[in-house]
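Residue numbers (the numbering used here): 5 to 114. Every residue gets a Cβ at the ideal spot worked out from N, C-alpha and C, and that includes glycine.
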Ligand code: SF4
């Protein structure tokens, strides 16, 4: 069985997550969104799960469980800043005319 994911598979996945969680996807479909989708696809095809495209994988699902997309930190980041660490998912009321800055890493790196 072929378990590799295509970009289209990943787009369907992130669309499904955004609908289920009531979030919006990054509207920059040709740049940021495209890059994040490719990152998720590449991680999936390398390690077998959707490791966060902005964080290094330990290549062990147990160690990376908290950063499997959507990560454990996304709801709090979206609530506090309006978007997740990678700026893949947004609060549906986010003002997209605002500059999307890098937000602090909420995950403990110890
Ligand atoms: S920061 Fe965003 S893209 Fe990264 S795992 Fe969390 S929800 Fe997914």
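Compute the distance between the beta-carbons of residue 72 and residue 55, then report whether it is under 8 Å. yes
Verify the contact flag: residue 15, CB atom, against every heavy atom of the ligand SF4, threshold strictly below 7 Å. no
Opening and closing residue of the alpha helix (DSSP H) in which residue 92 lies: Counting along the chain, residue 92 falls outside any alpha helix (DSSP H), and DSSP gives it neither H nor E.
When you get a sec, list the residues whose CB is within less than 5 Å of any heavy atom of the ligand SF4, chain order please. 56, 73, 74, 75, 78, 88, 89, 90 and 92
List the residues that DSSP assigns as beta-bridge partners of residue 49. Bridge partners of residue 49: none, in fact.
Under the three-state DSSP convention, the category residue 85 falls into: helix
Could you tell me the distance, in whole angstroms, from the CA atom of residue 43 to the CA atom of residue 28? 18 Å
Assuming residue 51 and residue 14 are in contact, meaning their beta carbons sit under 8 Å apart, how far apart are those beta carbons, in whole angstroms? 14 Å between Cβ atoms; not a contact.
Using a Cβ-Cβ cutoff of less than 7 Å, which residues in the same chain neighbour residue 9 once the five nearest sequence positions on both sides are dropped? 45, 48 and 49
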